[in-house]
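Worksheet: one structure, shown below.
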Amino acid sequence: MIRLYEPRIDEAELVRLIRTELIPLSHTVHQHDAQTIRELPKRFRRGVTYVASLSKKSAPVAFIHFEVMGEVLYLDMMVTHPEHRNRQWGRKLIAHSEAYGQAQQCKVARLFVDQVNAKAHHLYNKLGYNTVRYLPELRCYELLKPLTPLSLPNV
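Quick note, the numbering used here runs 1172 ahead of the 1-based positions in the sequence shown.
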């Protein structure tokens, strides 16, 4: 099921997933960067976070965090637990995020993917995201996808 993030239930697991799955791919953040880890709860409050879980109260198996900035849906972070990959969680989370953006009149979805994360880059391309540039100083790609007027996600 896809549900809204509940800090009391979800925060510890999301931080763990970020530390073990996202940060090791990043060129700009280190796994033991205490300030980055401390700022995560504030970052979650700034936007919207959806989690995928097996039941209403179970720990997340995947999540996506995003923000609406004007007419842009900015997809900030997405992680699926390694034991739950290849079960369409990423695709479903992106569809829900895009539907949210469409409801907010966003015209485009924007994200960055680390150069070493070829699997994520491939997924985003399959979902209609186009690579617009490479940022060598960050070692990541910027991807964009036009958002059509509001329609319900196929999940």
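Beta carbons: idealized from backbone N, C-alpha and C, even for Gly.
- [ ] Give every residue of the same chain whose Cβ lies closer than 8 Å to the Cβ of K1279, excluding the five residues on either side of it in the sequence, and list them in chain order.
- [x] E1243, V1244, P1318 and L1319
Open item on the list: Measuring alpha carbon to alpha carbon, tell me which residue in A1224, A1267, F1216 and E1270 is nearest F1235.
Closed with: A1224
Open item on the list: For a test of the three-state rule: what should DSSP assign to A1234, helix, strand or coil?
Closed with: strand
TODO: Within the segment 1279-1305, note down every full alpha helix (DSSP H) run reaching 4 residues or more, in order along the chain.
DONE: 1290-1298
TODO: Use the C-beta contact count for E1255: other C-beta atoms within 10 angstroms, 16 or more gives buried, fewer gives exposed.
DONE: exposed
Open item on the list: Distance check for N1297 and A1271, CA to CA, integer angstroms please.
Closed with: 18 Å
Task: Under the three-state DSSP convention, the category E1314 falls into - done: strand
- [ ] Please check the pair V1251 and E1193, which I expect to be a contact at CB under 8 Å, by giving their CB distance rounded to whole angstroms.
- [x] 5 Å
TODO: Work out the CA separation of L1189 and G1300 for me, nearest whole Å.
DONE: 26 Å
TODO: For A1271, decide whether its Cβ has a neighbour in chain C, counting only Cβ atoms nearer than 8 Å.
DONE: Looking at the structure shown, chain C is missing, and only one protein chain is on hand.
Task: Residue burial classification, R1282 (beta-carbon count within 10 angstroms, cutoff 16) - done: buried
Open item on the list: Here's the rule: buried if 16 or more other CB atoms are within 10 angstroms of the residue's CB, otherwise exposed. What is S1269?
Closed with: buried
Open item on the list: For the beta strand (DSSP E) containing R1161, name the first residue and the last one.
Closed with: The displayed coordinates of the chain run from 1173 to 1327. Any statement about residue 1161 would go beyond what the structure contains.
Open item on the list: Helix, strand or coil, according to DSSP, for Y1177 in the structure here?
Closed with: coil
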